[in-house]
Amino acid sequence: MTVQKPDPSTLDLSDVEWQVSTFDSGGGGNCVRFARKGEWILIGDSENPDALPLVFTQKELEAAILGAKAGQFDHLAGPA
Numbered sequence: 164m165t166v167q168k169p170d171p172s173t174l175d176l177s178d179v180e181w182q183v184s185t186f187d188s189g190g191g192g193n194c195v196r197f198a199r200k201g202e203w204i205l206i207g208d209s210e211n212p213d214a215l216p217l218v219f220t221q222k223e224l225e226a227a228i229l230g231a232k233a234g235q236f237d238h239l240a241g242p243a
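Numbering-wise (my numbering), the sequence shown opens with residue 164 and increments by one.
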């Protein structure tokens with residue numbers, strides 16, 4: 164079943180509590196940030212807080228986390 168995600172520009176983000184990893188590379192906010200808005204998981208850029216976030220379902224986030232834990236994205240974290 165395909166879930167219709169909301170357009171991020173229609174979401175009221177004023178009450179969203181963003182969370183960033185404690186593994187931030189430089190301690191200066193250079194990190195991906197996450198938040199929950201109702202049933203949606205929001206992913207944004209802490210360096211560009213006014214940019215619209217990406218919207219995911221919890222299942223999509225779970226799949227990404229499992230992939231990261233399994234090392235499937237390790238090649239993206241190293242030198243380009």
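For glycine and all other residues, C-beta sits at the position ideal for the given N, C-alpha and C.
Task: Cβ distance (whole Å) where V166 is taken to contact T220 below 8 Å - done: Here residue 166 corresponds to residue number 3 of the sequence shown, with the count starting at 1. Here residue 220 corresponds to residue number 57 of the sequence shown, with the count starting at 1. Cβ atoms of V166 and T220 come within 8 Å of each other, at about 6 Å.
- [ ] Specify, as a first and last residue, the run of the alpha helix (DSSP H) that K168 falls within.
- [x] Within the sequence shown, numbered from 1, the residue matching residue 168 stands at position 5. First-last for K168: undefined, no H or E at that position.
Open item on the list: Give me the residue from L239, F186 and L217 with the minimum Cα distance to P169.
Closed with: Locating residue 169 in the sequence shown gives position 6, counting from the first residue. When the alpha-carbon of P169 is set against those of L239, F186 and L217, the nearest one is in L217.
- [ ] Specify, as a first and last residue, the run of the alpha helix (DSSP H) that G230 falls within.
- [x] Translated into the one-based positions of the sequence shown, residue 230 becomes position 67. Counting along the chain, the alpha helix (DSSP H) containing G230 begins and ends at Q221 to K232.
Open item on the list: Comparing C-alpha positions only, which one of E210, L229, P171 and P242 sits nearest to N193?
Closed with: Position 30 of the sequence shown, counted from the first residue, corresponds to residue 193. The shortest C-alpha separation from N193 is found at E210.
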